[in-house]
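According to this note's numbering, the residues represented by the sequence shown are 92 to 263, in order.
Quick notes on the structure that follows.
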Amino acid sequence: LVGLFTEQKQHTGAVALLLRLVKYTTDKGQRLSCLHQIAVLCEEHGEGREALEALRKASEVDPMHLPTIKALAKLYERQKDTASMRIHLDRAAARFRPMLRERPRDVDALQALQQIFVWKGQGASARITASVLTALGGTVSSELRAEIEKLGGAGDASKINLRAEGIDDLLY
């Protein structure tokens with residue numbers, strides 16, 4: 092039905108239906124999908140505040156869902172709200188750090204933190220995280236490496252001193 096409303100350019104009906112689905116479904120994945128669709132529809136129709144609210148609700152459903160973290164950061168960026176984007180990404184990074192304190196070799200948490208550093212434009216931090224990931228046997232995709240290279244930063248990740256004190260402060 093949402094597709095039908097969208098095809099007929101009935102934005103209000105599509106959003107109302109999606110909101111109803113969010114309200115009555117218990118499946119986290121479906122709720123996130125609906126909230127993301129609402130955000131896209133609202134932004135397409137010039138309703139930035141409603142798009143922001145939908146993504147904030149998605150963040151409440153799963154605060155560690157990387158696609159939601161990215162979507163909210165990019166929305167702030169499109170709205171030229173750099174301060175809110177930085178606060179959002181700082182909070183997102185802070186949610187992953189306790190996981191790393193408990194399990195310092197958690198490759199998934201390191202990869203998430205690295206991605207957040209890239210979104211924040213922190214090339215040096217992303218480069219250090221890439222070095223730690225590689226040392227732990229994890230991988231860094233070629234696309235992510237290219238993004239890190241564009242950001243600049245601390246030089247060749249393979250030459251970073253993994254015993255440096257700053258690494259603990261950055262990651263844990």
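Glycine residues also receive a C-beta, built at the ideal position from the N, C-alpha and C atoms.
Quick caveat: nothing in here was measured; it's all calculated off a predicted structure.
For residue i, the nearest candidate out of the options (CA to CA)
i	options	result
A164	F208, Q128, E138	F208
Q213	G243, T225, D153	G243
A142	T116, Q121, D118, R169	R169
S124	P154, A226, P158	P158
G137	S233, L166, M176, L180	L166
K72	M176, R236, L235, G228	The structure shown does not extend to residue 72, since the chain is modelled only from 92 through 263, so no value can be given for it.
Own chain residues within Cβ distance below 6 Å of residue i, not counting five before or after
i	result
D247	Note that D247 scores a pLDDT of 49, beneath 50, so its modelled location is shaky and nothing firm can be said.
E238	V209
Buried or exposed by the 16-neighbour rule on C-beta atoms within 10 Å, applied to residue i
i	result
T220	buried
E134	buried
A226	exposed
R218	buried
S222	buried
K241	exposed
R122	buried
S216	buried
Cβ neighbours of residue i in the same chain (closer than 8 Å, five flanking residues each side left out)
i	result
D197	M190, L191
A200	F187, M190, L191, R194
I129	V106, L109, L110, V113, E141, A142, A145
L224	V198, L201, Q202, Q205, T230, V231
Residues of its chain near residue i, where Cβ-Cβ distance is below 7 Å and the 5 sequence neighbours each way are ignored
i	result
T184	Before going further, note that residue 184 is Ala rather than Thr in the sequence given. So the list reads L204, I207, once near-sequence residues are dropped.
S150	T159, L163
G139	Q170
Residue i, enclosing alpha helix (DSSP H) - first and last residue
i	result
L227	That residue, L227, is in no alpha helix (DSSP H); it is neither H nor E in DSSP.
P189	173 to 193
G139	139 to 152
H127	119 to 135
CB of residue i within 8 Å of CB of residue j, strictly
i	j	result
K119	D153	yes
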